[in-house]
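**Student:** Before we start, here is the structure in question, set down as structure tokens.
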Amino acid sequence: MKIMDKVKYLFFILVLASCHKLDTPPLGVIAETDVFTNANAVQAYMANVYTMLPIEDFIYEPNHGFMTGDGGRWQCFYHTDAIDGEMVGPFGGTGDAAQGFGYWPYDKIRIINVLISTLPAYAKNFTPDQVNEWLGEAYFCRAYTYFALVKRYGGVPIVRTVIDPATPIGSLQVPRNKEEDVYNFIASDLDSAFALMKDPGSSATPGIANKYAAMAYKSRAMLYAGTIAKYGATNFVDGPARQQGFAGIPAGDAAKFFQAAYDAAKLVEGHFSLYTGGYPDKVQNYVDVFLKPNNESIFLRQYSLSDPNRNNDNAGPHSWDATMTCRIMTADGLSRAYPTLDLVERFGSLDSRIVDGSGAPVRFGSRADLMQGLEPRLLATVYFPGATLRGISFDVQRGIYNTFSGSAAQEKANDLTSPNDVQNGPGTNLWLGDINAVVTGRNVIGRAGVSTSGDDLTRTGFYVRKYVDYGKPASACGLYQSGQSYIDMRYAEVLLNRAEAAMELGTADMQADALNDINLLRDRAGAVPATATLTVDTVRNERCKELAFEHQYWWDIRRWRTADQVLNQRNCYGLLPYYVASENKYIFLKQLETFKRTYTFQKLWYYEPLPGGELSKDPNLFPNNPGY
Amino acid sequence: MFLKKIYIAVGAAVALMGYSCTKADTYPGPDSAFEGNIIDSVTGKNLLTETGGLQIELRQISWTANPSPYDIPSKPDGTFEDTRIFSGHYNIIPTKGPFWPVADSTIMDIRGNTTHDFRIVPYLEIVNVTHVQAADSLVMSFQLVAPRTVGLPQILDATLFVNNTPYVGSGANIQSFYNQGSATAKINSGWNAGIAATTYRVVVYNLQPGWTYYARVGVRVNDSYKKYNLSDVVQVVMPPGK
Chain D
1 MKIMDKVKYL FFILVLASCH KLDTPPLGVI AETDVFTNAN AVQAYMANVY TMLPIEDFIY
61 EPNHGFMTGD GGRWQCFYHT DAIDGEMVGP FGGTGDAAQG FGYWPYDKIR IINVLISTLP
121 AYAKNFTPDQ VNEWLGEAYF CRAYTYFALV KRYGGVPIVR TVIDPATPIG SLQVPRNKEE
181 DVYNFIASDL DSAFALMKDP GSSATPGIAN KYAAMAYKSR AMLYAGTIAK YGATNFVDGP
241 ARQQGFAGIP AGDAAKFFQA AYDAAKLVEG HFSLYTGGYP DKVQNYVDVF LKPNNESIFL
301 RQYSLSDPNR NNDNAGPHSW DATMTCRIMT ADGLSRAYPT LDLVERFGSL DSRIVDGSGA
361 PVRFGSRADL MQGLEPRLLA TVYFPGATLR GISFDVQRGI YNTFSGSAAQ EKANDLTSPN
421 DVQNGPGTNL WLGDINAVVT GRNVIGRAGV STSGDDLTRT GFYVRKYVDY GKPASACGLY
481 QSGQSYIDMR YAEVLLNRAE AAMELGTADM QADALNDINL LRDRAGAVPA TATLTVDTVR
541 NERCKELAFE HQYWWDIRRW RTADQVLNQR NCYGLLPYYV ASENKYIFLK QLETFKRTYT
601 FQKLWYYEPL PGGELSKDPN LFPNNPGY
Chain Z
1001 MFLKKIYIAV GAAVALMGYS CTKADTYPGP DSAFEGNIID SVTGKNLLTE TGGLQIELRQ
1061 ISWTANPSPY DIPSKPDGTF EDTRIFSGHY NIIPTKGPFW PVADSTIMDI RGNTTHDFRI
1121 VPYLEIVNVT HVQAADSLVM SFQLVAPRTV GLPQILDATL FVNNTPYVGS GANIQSFYNQ
1181 GSATAKINSG WNAGIAATTY RVVVYNLQPG WTYYARVGVR VNDSYKKYNL SDVVQVVMPP
1241 GK
């Protein structure tokens, strides 16, 4: 009975409580007035905005997106450049990730729009400089987010204001804007950011936008718009979205965008510079561009090793060291993406080094000898067979020849029919096998590969070196133990944007400017300087070399509209070292990478499909992109 | 007593909530079928194609004003069939294949077992096809005919596809043969009298003794989809090794 009484009383108390109207602000909700009256709170608000920025960093996956709050974010090898031929590995082909992941960040854009529309009303609480800086950062972040949209979908709805969810549904169903309008909107937001923010001088905070970062990104966005206008005019999939300007930019506007890209890049000059602090060793210097704080980094994302949500937000540590090289150099994890010979040979063909005048493979006493005299930037970008990391050699070996008398060309063809299993027994001349295979006391393959069982050892002969932290002991290279920053924009790219825009503009002055830009990069790279006969293709190839594994090449071949030619039932090659037992020498054969993947790009992928869920909510998003 | 009543009330509420889960929608399932042929209007026969060589794109306009497209892929014999289609009124067009864009879509009902044939004009026909088999190689020769030449996109290349099953085409072939440079004739040109007069020749080597291969030639133009116009499949039986 007692319990029953208590329940009765509780019941009546609750009934009575509901009669009180409490017109006081809820204590559990942080109100506008709490945020926009306090500098620390505004900073915290902005920190949230930066955390959400769609930066394609170590933990971005082209088919799953920005891995905030996802346990899969240790898998750095799910990399954009593993679908475009720079690396082979985790993806079965280009189609695995070519249609994106339904990115649709209007909730994030709303958060930015709230600040832009609300902060001015609270300006009296702060200094004008503070207000302008925050507004500038917000414009920067909004432009950044729209750029991530437009490069995927073409035209998307431009939402500049905070729309009240209680308004009639018609005004919530915002129609698509033209692709060109979105690029113009991005340019205007970045111009606002440039105008509002002050010159940070030497006190720029890493990870926070500044006025020159706005111009650096403007040069990237305008270059995209210019090339899409120029090359999309002849290579396109037709459809209503194209005819209405949602997918495609009028060719006549290309020059305007190239000029804007050039002008923006030029504004950055003098405020950032290529890193040369590690001279005279140009290999070490280039390695350190990505590992040491420097004045080349314009905008980057930082990671905290002490973040309590290690694998649940994108401020926590990443796993680049554990997942880009093999297990013998790391504490745990595994690698799955390997640079192709195709990428390596953008720096120049290796044929004359590995094949002699008679067509026979050149004999090497040591695998490392191959690296003699190669471009320092190349050696700093990929680990060659015979290179060393943390005191351990990449002892890459595909197999053992008992004797070798044939030509390299013969063996290249032979690879196409060779079984992958261990071959042994009398009369066998070539032994292939797995990591445990041993013949006459010698391992058939190296501990670092090349393996054809499993995918945690190289399939191409190479490993990624860019961003790999050589200074840490292997025991500190486990999953979620890497804290090196991801440099999303560096001055090298600004020079490349500038050079490409200049070549597209094409006047003699512009060509001279481009030549100068390219040679600044070549000098730092330790490469042979370019001559006066520069072409657009030279500049594009320089971009591929300089920005390898930086999530750029995929977007580049899309905007150049060359992806359907570059990735046309394309197989990639590896550089596979073999030991020749009778001579105690090594040879290198150019052979298909051992996954034997095929990469094909379909033209309709020049635009991703608008997400189906959004189309069903907003009929004004139609027409969808051509071919979908 | 009071507490017991609460228990009963809560129990009843839970039961009611559960009951609401059992409601099925009242829409009929995809109980219709749609099939037919894709007819080459030049030859009057089914288009020579491969699995997924083109798509029959359906939009159910009786469902919504902006229906999502639903594609039925072609079969290798130039037919298509899907036995799980919602009954309704459809806007249908053949697309993503090696033929001139179809100007007018077909508006029709699909109800029960519905059949419809589509006529298309291929970009190119492969004619005068011959094949010659040697000790370890296969040579195929052919000429190209363009049913329409004005506005024909640039012709890219012609390739000899070889597989060890009759399902052979650009999506099903032995890669090592495809990768031989001699398997592809690069054309990279707009249509001209020279192309019309040329007999193209493509070759693959290193065919294995004792195997049976299936081969056909495909040619494609630089349109939006870059699909292949194909020749008939030929069977090649290699003599056993010594």
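Order-wise, the sequence lines are chains D and Z. Residues in the first sequence are numbered from 1 upward in steps of one, following our numbering. Residues in the second sequence are numbered from 1001 upward in steps of one, following our numbering. Cβ coordinates follow ideal geometry from the N, Cα and C atoms, glycine included.
Hey, does D:K230 have any beta-carbon neighbour from chain Z nearer than 8 Å?
**Tutor:** It does not: the Cβ of D:K230 has no partner Cβ on chain Z nearer than 8 Å.
**Student:** Alpha carbon to alpha carbon, what distance is there between D:L300 and D:Y486?
**Tutor:** Their Cα atoms are separated by approximately 5 Å.
**Student:** Taking the DSSP output, what are the residues bridged to Z:M1108?
**Tutor:** Answer is Z:Y1090.
**Student:** What residues of chain Z sit near D:D238, judged by a beta carbon separation below 8 Å?
**Tutor:** Ordered by position in chain Z, the residues that pass the 8 Å Cβ test against D:D238 are P1101 and S1224.
**Student:** What's the gap between the Cα of D:G433 and the Cα of D:A143?
**Tutor:** Approximately 52 Å between the Cα atoms of the pair.
**Student:** My assumption, with CB atoms under 8 Å, is that D:F601 sits in contact with D:D556. Please give the rounded CB distance.
**Tutor:** Between D:D556 and D:F601 the Cβ distance is about 13 Å, and since that is not below 8 Å, they are no contact.
**Student:** Reducing DSSP to helix, strand and coil, say where D:P619 ends up.
**Tutor:** Looking at D:P619 - three-state DSSP - the assignment turns out to be helix.
**Student:** Answer yes or no: do D:W431 and D:V450 have a C-beta to C-beta separation smaller than 8 Å?
**Tutor:** No. Outside cutoff.
**Student:** Determine the closest residue to D:N519 out of D:G252, D:A499 and D:G506, with distance taken between C-alpha atoms.
**Tutor:** Of the candidates D:G252, D:A499 and D:G506, the one whose C-alpha sits nearest the C-alpha of D:N519 is D:A499.
**Student:** Based on Cα-Cα distance, which residue from D:E546, D:V182, D:A502 and D:N568 lies nearest to D:V536?
**Tutor:** When each option's Cα is compared against that of D:V536, the closest is D:A502.
**Student:** Does any residue of chain D bring its CB to less than 8 Å from the CB of Z:I1093?
**Tutor:** No, Z:I1093 lies away from the interface with chain D (no Cβ there is under 8 Å from its Cβ).
**Student:** Against chain D, which members of the region 1147 to 1177 of chain Z pass a CB distance test of less than 8 Å?
**Tutor:** Cβ contacts with chain D come from S1170, Q1175 and S1176.
**Student:** What number of angstroms, rounded off, separates the C-alpha of D:I228 from the C-alpha of D:L172?
**Tutor:** Each residue's alpha carbon lies about 30 Å from the other.
**Student:** Under DSSP, the alpha helix (DSSP H) around D:P240 begins and ends at which residues?
**Tutor:** Counting along the chain, the alpha helix (DSSP H) containing D:P240 begins and ends at P240 to Q243.
**Student:** Within the continuous alpha helix (DSSP H) that includes D:A41, where are the two ends?
**Tutor:** Per DSSP, D:A41 belongs to the alpha helix (DSSP H) from A39 to M52.
**Student:** Given this structure, state the Cα-to-Cα distance separating D:N420 from D:S358, to the nearest angstrom.
**Tutor:** Residue placement at D:N420 cannot be trusted, given a pLDDT of 42 that sits under 50; what the coordinates show is reported in the next sentence. Their Cα atoms are separated by approximately 28 Å.
**Student:** Give me whichever residues DSSP pairs with D:M503 in a beta bridge.
**Tutor:** Note: D:M503 sits in no beta bridge, so no partner.
**Student:** Evaluate D:W605 with the Cβ neighbour count: other Cβ atoms within 10 Å of its Cβ, from every protein chain shown; 16 or more gives buried, anything less gives exposed.
**Tutor:** Burial call: buried.
**Student:** Between D:N63 and chain Z, is there a C-beta pair that is closer than 8 Å?
**Tutor:** No, D:N63 does not count as interfacial toward chain Z.
**Student:** Ordered along the chain, which non-local residues of its own chain (more than five positions away) have a Cβ less than 8 Å from that of D:Q244?
**Tutor:** Same-chain partners within the cutoff: K178 and P623.
**Student:** Less than 8 Å between the C-beta atoms of D:L567 and D:L576, yes or no?
**Tutor:** No, they are not a contact pair.
**Student:** Please list, in chain order, the chain Z residues whose beta carbon lies closer than 9 Å to that of D:T562.
**Tutor:** Within 9 Å Cβ-Cβ: nothing; D:T562 doesn't reach chain Z, min ~13 Å.
**Student:** Applying the criterion that 16 or more other CB atoms from any shown protein chain within 10 Å of the CB defines a buried residue, is D:S304 buried or exposed?
**Tutor:** When all chains shown are included, D:S304 counts as exposed.
**Student:** Below 8 Å on C-beta distance, what does D:K603 contact in chain Z?
**Tutor:** Simply S1224, Y1225 and K1226.
**Student:** What residue range does the beta strand (DSSP E) around Z:N1164 cover?
**Tutor:** Premise fails: Z:N1164 is in no beta strand (DSSP E) and is neither H nor E.
**Student:** What are the boundary residues of the beta strand (DSSP E) that includes Z:A1185?
**Tutor:** Its beta strand (DSSP E) spans residues T1184 to S1189.
**Student:** Might you give, ordered along the chain, the residues of its own chain that have their beta carbon closer than 6 Å to the beta carbon of D:S418, omitting 5 neighbours on each side?
**Tutor:** Reliability of the predicted coordinates at D:S418 is poor, the pLDDT of 48 falling under 50, and no value is obtained from them.
**Student:** Whose C-alpha, out of Z:A1033, Z:D1077 and Z:T1083, is nearest the C-alpha of Z:L1048?
**Tutor:** The option with the nearest alpha carbon to Z:L1048 is Z:D1077.
**Student:** Looking at chain D, is there any beta carbon in it that lies within less than 8 Å of the beta carbon of Z:A1009?
**Tutor:** Closer than 8 Å: no.
**Student:** Thinking just about the alpha-carbon of each residue, which of D:D517, D:A581 and D:D455 is nearest to the one in D:Y78?
**Tutor:** Among D:D517, D:A581 and D:D455, the Cα nearest to that of D:Y78 belongs to D:D455.
**Student:** What residues of chain D sit near Z:N1066, judged by a beta carbon separation below 9 Å?
**Tutor:** Residues of chain D passing the Cβ test: L615, S616, P619, L621, F622, P623 and N624.
**Student:** Using a Cβ-Cβ cut-off of 6 Å (strictly less than) and excluding sequence neighbours within five positions of D:W554, which residues of its own chain qualify?
**Tutor:** The residues are T80 and D84.
**Student:** Decide if D:L27 is buried, meaning its Cβ has at least 16 other Cβ atoms within 10 Å, or exposed.
**Tutor:** When all chains shown are included, D:L27 counts as exposed.
**Student:** Secondary structure at D:N402, three-state DSSP: helix, strand or coil?
**Tutor:** Three-state result, D:N402: coil.
**Student:** Show which residues of chain D have a CB atom less than 7 Å away from the CB atom of Z:N1179.
**Tutor:** By Cβ distance, chain D contributes N571.
**Student:** Assuming D:Q190 is part of the alpha helix (DSSP H), what are its boundary residues?
**Tutor:** The residue asked about is misnamed: residue 190 of chain D is Leu in this sequence, not Gln. Element bounds for D:L190: E179 to L196.
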